[in-house]
Each structure stands twice: as C-alpha cells, then as structure tokens.
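Protein chains in written order, with my numbering: chain B, 112 to 479; chain Z, 557 to 935. Where a beta carbon is used, it is the ideal one built from N, C-alpha and C, also for glycine.
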Amino acid sequence: MGLTVAALGAGNGGLAAAADLTLRGHRVRLYSRSAATLQPVIDRGGIELSGAAGEGFARPERITQELDQAVAGADVVMLAVPVTAHPYYARALAPVLADGQPIFLNPGHTCGGLRVATGLRRAGYQGKLAICEASTLTYGCRIQEPGRVLVQTVVPELPFAAYPGKHLAALEELVSVLYPAIRPADNVLVTAFLNINAVEHPPMTLLNAGWIEYTGGDFYIYFEGTSPAVGRVIDAVDRERVRLAEALGIPTKSFLEMFHEAGYTTRNALEAGTAYRALQESAPNRWIKSPSSLDHRYVHEDVGYGLVPWSNLARAAGVETPTIDYLIQLASTMNGRDYAREGLTLENLGLEAVPVEALQDALYEGVH
Amino acid sequence: MNRRIAILGAGNGGCAAAVDLTLNGFDVSLFTRSEATMRPLQERGGLEYTGRLGDGFVPIPILTTDIDEALAGADLIVISTPTNAHQWYAELLAPRLRPEHVVMLNPGHTGGGLHFVHSLRQAGYSGEVRTCETITLAHGSRKPTPTKVNILAVMTNLRLSAFPGKYIDELAPLIRQAFPNVVPAANVLETGLTNLNAMEHPPGMLLNTGWIEFTKGDFRFYYEGITPSVARVIQALDDERVALVRALNRQANLAMKEMSFIEYFHLAGFTSARAVEANDMYQALQDSEPNKPIKAPETLAHRYVDEDVGYGLVPIYELGRLAGVDMPATKLVIDLASLVRGVDYWKEGLTLDKMGLEGLPVSELAGFLYEGRREASWA
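What follows is the structure, given as structure tokens:
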C-alpha cells in the first residue's frame with residue numbers, strides 16, 4: 112500500500128527520491144522553492160531515473176511550488192535539502208504542517224531534527240512534533256541533466272532516529288515502508304555522532320586552502336590532499352568526537368571503524384589506525400576531486416552543522432575539544448563568517464536549558 | 557673595536573657574514589659545533605663566494621669547533637644560528653663571557669636577546685652583558701656547497717636593537733663598523749614585534765599542508781600558496797600583532813611604530829604601493845616581485861613552522877598575555893602547528909619565562925627593557 116509523500120527539495124537527493132518512490136507506487140508531491148529547478152521537471156512531465164534504484168520515467172502526483180499543495184494530507188513530509196536550508200523549511204512549514212504530521216529528514220546530518228523542531232516552534236507551530244531523520248542521504252546520486260537523475264548507490268543500511276524518541280517505533284514503521292534499509296537508533300544524538308563527514312571534510316579542505324583556491328580544486332582531495340599531517344588533524348578531531356560521545360553516554364565507533372564497515376577502506380588500514388592510511392586505501396574515494404573553492408558544503412555544512420553542535424555539546428558536558436574548536440574558528444576566519452553563531456548552537460537545537468544528565472530523557476520525551 | 561670578530565654558526569647567515577666582514581678588513585674566527593660542517597671549511601681554508609659581493613675566495617684565519625679558540629681576542633661575538641640554538645650558545649658562553657664582550661644575534665627574531673640573556677643568567681653568568689639583535693639576517697644567502705656561499709641580498713635599513721636598551725647609542729656605531737646598514741631602534745620589542753615571517757609563514761605552511769606533503773613543495777609558496785582565504789588568516793594574525801603593539805605602547809609607554817604588515821612589507825621593497833592603498837593582504841603578497849619565484853619548502857619540518865611559530869608567534873602571544881591582549885587567531889595557529897608537526901610549541905617555544913618576563917608588571921616593562929634588570933635590582 113503506497114504512502115502519500117511530500118518530497119521537498121529538487122536537488123540530487125530530492126529528485127532521486129521522488130522518482131524512486133513514484134516508481135515504487137507511492138504518491139509523491141514534488142516541491143521546490145526554486146522555479147528554475149522545478150521547470151525542467153514540469154516541462155518533461157516527470158523525472159527520468161537510471162542506475163541502482165531502477166530505470167524508468169516517473170510521473171509524480173504533483174509537481175508544485177506551493178508548499179501547502181505538497182504538504183496537505185501527506186502521510187510524511189520528506190526534506191531532501193542541505194542541512195543549511197533546514198531553518199528556512201522549518202519556518203515555511205510551521206503554518207501548513209498538520210498537528211503531529213510526520214517529518215522525515217533525508218538526511219538529518221547532525222541533529223537536524225532538533226533544529227527543525229526549534230524552527231517550527233519559533234515560527235509558531237503548536238502541534239505535536241513527530242520528526243525523524245536518516246544520518247545520511249538514502250542514495251548516492253547525481254542529476255545528470257535537468258530532470259534526469261542517476262542513482263549510483265542505494266545505501267544498504269542507514270542509522271535512523273526520531274525526535275521525540277518516544278515516537279521512534281511508529282515513525283520507523285512508517286518510513287520503513289519507503290526505506291527498508293533504515294536501522295533504528297536510540298535518539299538523534301546517536302546518529303549525530305555518526306557524522307564522519309564532519310570528521311574528515313573540514314581538515315582536508317582547510318589545510319589545503321591554497322591548493323584549492325589556486326587550482327580551483329584540481330586534485331584528488333582524499334588521495335592527494337589528505338597527507339600524513341592532514342590525517343593527524345582528522346585523527347585528533349575523531350578522538351575528541353569519541354571522547355565526547357563517551358562522556359554523554361552515547362554509543363559510537365571510531366571514524367576508522369565506520370569507514371571500514373561502510374566498505375570505504377581496507378582491513379589493513381583499519382588495523383594501522385590512522386586516517387591517512389584509511390584514505391590512502393579508500394578505493395571508492397580515490398578519484399574524488401576537491402571542491403573548487405571553500406564556499407562549499409564541506410565547510411558550511413560540516414563545520415556549521417557538524418563541528419559546531421559537537422563543540423556546543425562538549426562545552427555543556429565540560430569536555431574539552433580544542434581541535435574541533437579551533438577548526439571552527441579557522442573556518443570562520445578563512446570564509447569570513449561566524450560559524451559558531453550561525454551554526455547549530457545549543458540554542459538552535461533548543462537544548463540550552465537542558466542539563467547534560469537529563470539529555471537522554473529530554474530527547475525521549477521532547478523539550479520543544 | 558678590535559679587528560677580530562667571532563662568528564658562531566657556519567650556516568647560510570654565518571658564512572655570508574664571514575665573507576662580508578673579511579672583505580671589509582676584519583679578522584674573522586668562524587665556529588660551529590658541527591664537525592661535519594667545519595671539516596670541509598678547514599680543508600679549503602676559507603670560503604668561496606658569489607653573488608652581490610662579487611665572486612672570489614676569502615681565507616678565514618680561524619676555522620674551529622673549539623669555542624675558546626674562536627673567542628680568543630674577539631670583542632664582538634656574532635651568533636648566526638637558528639633561534640632554537642640560542643640557549644645552547646648561552647650555556648656555552650656563560651663561563652667564558654667577559655664584560656668587554658658584545659654579543660650580536662644575527663638575527664634575534666622575536667625576543668632573542670631577552671632569551672639569550674635570561675639563559676646566560678640561568679647558566680650562572682652574573683656580569684654586565686651587552687647584546688644587540690636584528691629582526692632578520694643581515695644577508696640573504698644560500699650555501700650551494702659546504703665551502704661556498706651565494707650572497708643574494710645585503711639587507712638595507714636593518715634595524716638594530718640592544719638589550720639592555722640603554723646600550724644602543726654605544727652599540728649602534730660599533731656594529732655599524734662591521735654592518736654599515738644597521739639603524740638603531742629603541743628596544744628589542746621594537747624590532748621583535750615587526751616579525752613579518754611569523755605572520756606569513758605559518759599560515760602559508762599549515763593551510764597548504766596537503767600540497768606541501770604531496771608535491772614536496774613543488775609550487776610557488778607566496779604567489780600560488782597564499783590565496784585569499786590564507787591571506788585572511790595572515791591578516792587576522794597581523795591585526796592581533798598591531799593590537800599588541802598599541803596596547804604595549806599605551807600600557808608601557810613604549811612609542812613603537814604601529815605599522816601594519818603591508819606597510820612594512822612595502823617599506824622593505826617587497827610589495828606595491830597599490831597593495832598598501834587597498835590595504836589588501838592577498839594583493840600585497842601577489843604583488844611581491846622578490847618573493848614571487850620562491851618555492852615552498854619540501855616538508856613542514858622547516859623553520860617556516862618551527863622557528864616562526866616557536867620563536868615568532870609564541871613570544872608574540874606571550875607578550876599579549878603580559879599586556880592582557882586577547883589573541884585568538886595567534887593561539888589557533890600555534891595550536892594547529894603543534895598538532896600538525898607533533899611538537900608542543902607552547903612548551904618548546906619562547907615563553908615569558910624563557911624571556912625572563914614572567915610575572916613582570918607591564919608597567920615595569922619599559923624599565924626592564926632599558927636596564928636589563930627588574931626594578932627591585934636596579935642599582
């Protein structure tokens with residue numbers, strides 16, 4: 112039995128999801144705030160899908176720029192947008208979201224659900240919150256030309272969390288209809304600590320700033336850019352992340368373990384125990400080019416929505432995270448922004464008044 | 557002044573000075589603690605040279621690894637070593653120094669004289685001491701072979717400061733006999749806080765870590781490596797340095813020039829007037845013709861990090877601590893350098909303690925710089 116899905120966002124992930132879910136028999140309403148993004152899909156009357164999620168031409172039930180047209184009556188509202196757009200969507204959804212209407216962040220990255228909850232409340236939404244999130248996007252995919260999307264991989268197992276946590280079972284039942292690969296985690300902090308992008312991307316971009324800006328990113332950022340010393344910085348960030356998770360009582364694994372389990376590096380590299388080796392021996396990442404500038408999600412998203420929430424939680428827990436802290440400061444100086452303020456702070460997460468020892472309960476019951 | 561000058565250190569700077577002074581009619585004794593560096597010089601009996609002072613060979617009368625032989629008959633002792641060797645030299649000289657000696661640190665970097673004198677005292681020397689220093693080497697040079705030095709530049713308008721500062725009027729004319737291009741400065745902070753290398757080198761290195769390690773420095777360090785976002789970090793360091801100079805001027809009544817990196821850089825002939833007008837750090841480094849062809853170091857294990865963090869940013873940060881100036885960018889670069897190099901520069905570098913300044917009230921700083929001793933011990 113198909114679900115009615117409001118798919119918000121028509122980037123790589125949004126188009127792939129809209130096409131895949133439509134072809135699998137769900138009723139999809141595709142929404143984008145950008146007319147330019149949506150127009151090619153309207154012109155074609157749908158989305159052409161190819162690759163690992165199947166082949167075919169998908170005709171979503173609606174393709175619209177009216178948010179209420181997409182959201183009204185949907186079983187689930189799925190946000191497939193950069194995390195930096197979550198505050199915008201929370202504001203826009205507040206007046207049109209029904210009481211308790213489920214929101215699924217695909218992906219939620221680090222604590223995206225809490226940010227959306229805060230945004231909804233700030234914008235006056237008074238209904239029951241039922242938010243859930245996948246730690247990363249359910250697909251590896253690229254738009255090849257407007258209206259045509261290629262799925263390279265369908266992620267086989269995906270950590271999944273709900274906020275408030277007490278709705279986990281119900282939300283898992285709902286979303287697993289769409290994505291059977293989801294694997295429930297206790298709460299959104301568990302998935303938040305699985306964000307390996309925030310461990311590796313900021314050091315590898317910031318410590319290659321000259322190379323990136325002078326050549327426009329014309330090098331392989333994992334294989335060439337992640338030299339031994341860059342690897343040491345990644346290792347230091349990861350040690351701080353793991354120590355913080357332990358202090359908060361959150362189960363987690365090392366970057367190397369996660370990277371190895373996801374099939375990204377060799378057992379030898381895992382045993383060697385350094386990020387440098389892990390990235391040297393990462394066949395899937397071998398040929399990934401560097402971003403062409405520092406104006407990129409490797410910095411905006413992975414610092415502001417990755418390192419910043421960790422740093423905030425660390426301060427609340429009295430744990431020192433010096434490397435994470437100065438990378439935030441360095442990124443801010445280099446990009447002329449203030450990530451510590453614009454990123455995911457405790458205030459933006461809605462957790463500023465929650466004592467650390469009450470955190471787990473608060474995430475279960477909800478504090479927004 | 558006695559015609560005999562002892563030069564300690566036989567690297568680029570020491571050898572260039574040995575050639576220049578010999579050509580000026582001085583009688584040089586050249587010392588190094590390294591047998592391997594000394595042996596070829598002894599076999600050759602002197603130094604070959606090329607570059608700005610012409611091409612030729614100068615015999616050096618004393619070439620030795622015996623410090624007593626090197627010091628015999630010399631009043632002026634020129635120390636031309638990496639700054640992290642200053643303490644070792646202070647300990648070597650402590651039992652041998654006499655009040656008539658003048659020690660010149662070529663260069664002193666930031667706080668070199670303070671560190672040297674404090675180390676001498678720690679090692680038990682209690683007599684009068686006269687040191688002087690420059691911010692950078694008197695010669696730009698490279699040694700293509702163990703017995704040959706290529707003198708690329710002879711620095712002009714090289715500011716010379718003394719510690720204790722009260723000796724500057726006496727020392728400046730003396731040093732000018734040997735190094736005619738020096739001009740006097742009021743105290744060691746006036747030279748030490750113009751450390752431009754400490755502003756540009758650490759960000760240029762650390763923010764090109766992958767590029768340096770993957771290509772072994774196969775790019776133009778200043779022209780290609782200092783991009784807009786790297787320049788923003790250099791600017792942040794320089795803003796903090798200028799804020800420190802202002803704070804020290806105000807609190808300790810020091811009257812140091814409050815000039816920016818870009819202004820000094822232009823004054824030294826390293827960049828364009830338009831970069832100064834635009835006050836644009838990226839532009840200043842793009843427009844630096846002398847620096848344009850210079851390649852990056854092959855590795856991060858280089859003085860651009862070790863010296864310019866440990867003996868540049870660390871003493872600058874420490875002086876900020878003395879003056880109560882917040883220096884978050886400086887701190888972050890020191891932290892990052894420590895992690896990237898696996899060296900704790902907070903410990904290895906030049907702290908207030910090593911400069912003899914720990915616990916000194918900032919109100920007494922000017923007096924200390926002038927007298928060389930704390931007020932309580934003034935005669």
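- Nearest CB-CB separation between Trp902/Z and chain B: not below the 8 Å threshold.
- Chain order gives no chain Z residues near Leu300/B, where near means a beta carbon separation below 8 Å; the closest approach is about 26 Å.
- Neighbours of Arg343/B in chain Z, taken as residues at a C-beta separation under 8 Å, are given in chain order as Leu895, Val896, Gly898.
- Shown here for Ser894/Z: same chain residues with a beta carbon closer than 6 Å to its own, the five before and five after excluded, namely Asp900, Tyr901 in chain order.
- Contact between the stretch 851-861 of chain Z and the stretch 750-760 of chain Z is present: three or more C-beta pairs spanning the two stretches fall below 8 Å.
- In summary, the residues of the stretch 422-448 of chain B whose CB is separated from some CB of chain Z by less than 9 Å are Pro433, Thr434, Asp436, Tyr437, Leu438, Gln440, Leu441, Thr444, Met445, Asn446, Gly447, in the order they occur in the chain.
- Per DSSP, the beta bridge partners of Cys688/Z are Met660/Z, Ala718/Z.
- Residues of chain B whose Cβ lies closer than 7 Å to the Cβ of Thr783/Z are, in chain order, Ala320, Gly321, Glu324, Tyr325.
- The beta-carbon separation of Ala320/B and Leu649/Z, rounded to 43 Å, does not stay under the 8 Å limit for a contact.
- Only Pro884, Ala885, Lys887, Leu888, Val889, Asp891, Leu892 from the stretch 865-892 of chain Z bring a Cβ to less than 9 Å from some Cβ of chain B.
- Annotated three-state conformation of His695/Z is strand, per DSSP.
- In the DSSP annotation of this structure, the continuous segment of the beta strand (DSSP E) that includes Ile174/B starts and ends at 173-175.
- Annotation for Pro198/B: Arg226, Gly230 place their beta carbon closer than 7 Å to its own, counting only its chain and skipping 5 residues before and after.
- Secondary structure at Val182/B: helix, using DSSP grouped into helix, strand and coil.
- 8 Å or more divides the Cβ of Pro213/B from the Cβ of Ala169/B.
- Leu204/B and Ala281/B have their C-alpha atoms roughly 21 Å apart.
- Interface residue (Cβ-Cβ distance to chain Z less than 8 Å): Ala347/B is classified as such.
- DSSP places Ala356/B inside the alpha helix (DSSP H), whose first and last residues are 339-358.
- In this structure, the straight-line span from the alpha carbon of Val710/Z to that of Val192/B is close to 60 Å.
- The C-beta of Glu769/Z comes closer than 8 Å to at least one C-beta of chain B.
- In this structure, Lys699/Z and Cys571/Z form a Cβ contact; the two beta carbons are roughly 6 Å apart against a cut-off of 8 Å.
- In this structure, DSSP gives Thr701/Z an extended state, which the three-state scheme calls strand.
- The shortest C-alpha to C-alpha distance from Glu256/B to any of Val207/B, Thr148/B, Thr249/B is the one to Thr148/B.
- The continuous alpha helix (DSSP H) containing Leu800/Z extends over residues 784-808.
- Contacts between Thr337/B and chain Z, judged by CB atoms closer than 7 Å, involve Gly766 in chain order.
- Thr783/Z is a Cβ neighbour of Glu324/B, given a cutoff of 8 Å.
- One alpha carbon belongs to Ala473/B, the other to Val410/B, and they sit about 30 Å apart.
- Contact between Val344/B and Val896/Z holds, since their C-beta atoms are separated by about 7 Å, short of 8 Å.
- The beta carbon of Leu390/B sits no closer than 8 Å to any beta carbon of chain Z.
- Per DSSP, the beta-bridge partners of Val265/B are Tyr250/B.
- Residue state for Asn706/Z is assigned as strand, using DSSP reduced to three classes.
- With its beta carbon at least 8 Å from every one in chain B, Ala840/Z lies outside the interface.
- In this chain, the beta strand (DSSP E) harbouring Ser161/B covers 158-162.
- Contact residues of the stretch 670-701 of chain Z toward chain B are absent (C-beta to C-beta distance below 9 Å).
- Below the 9 Å Cβ cutoff, chain B contributes Ala320, Leu441, Thr444, Met445 as neighbours of Val789/Z, in chain order.
- Listed in chain order, the positions of the stretch 219-240 of chain B with a beta carbon within less than 9 Å of a beta carbon of chain Z would be empty, since no residue qualifies.
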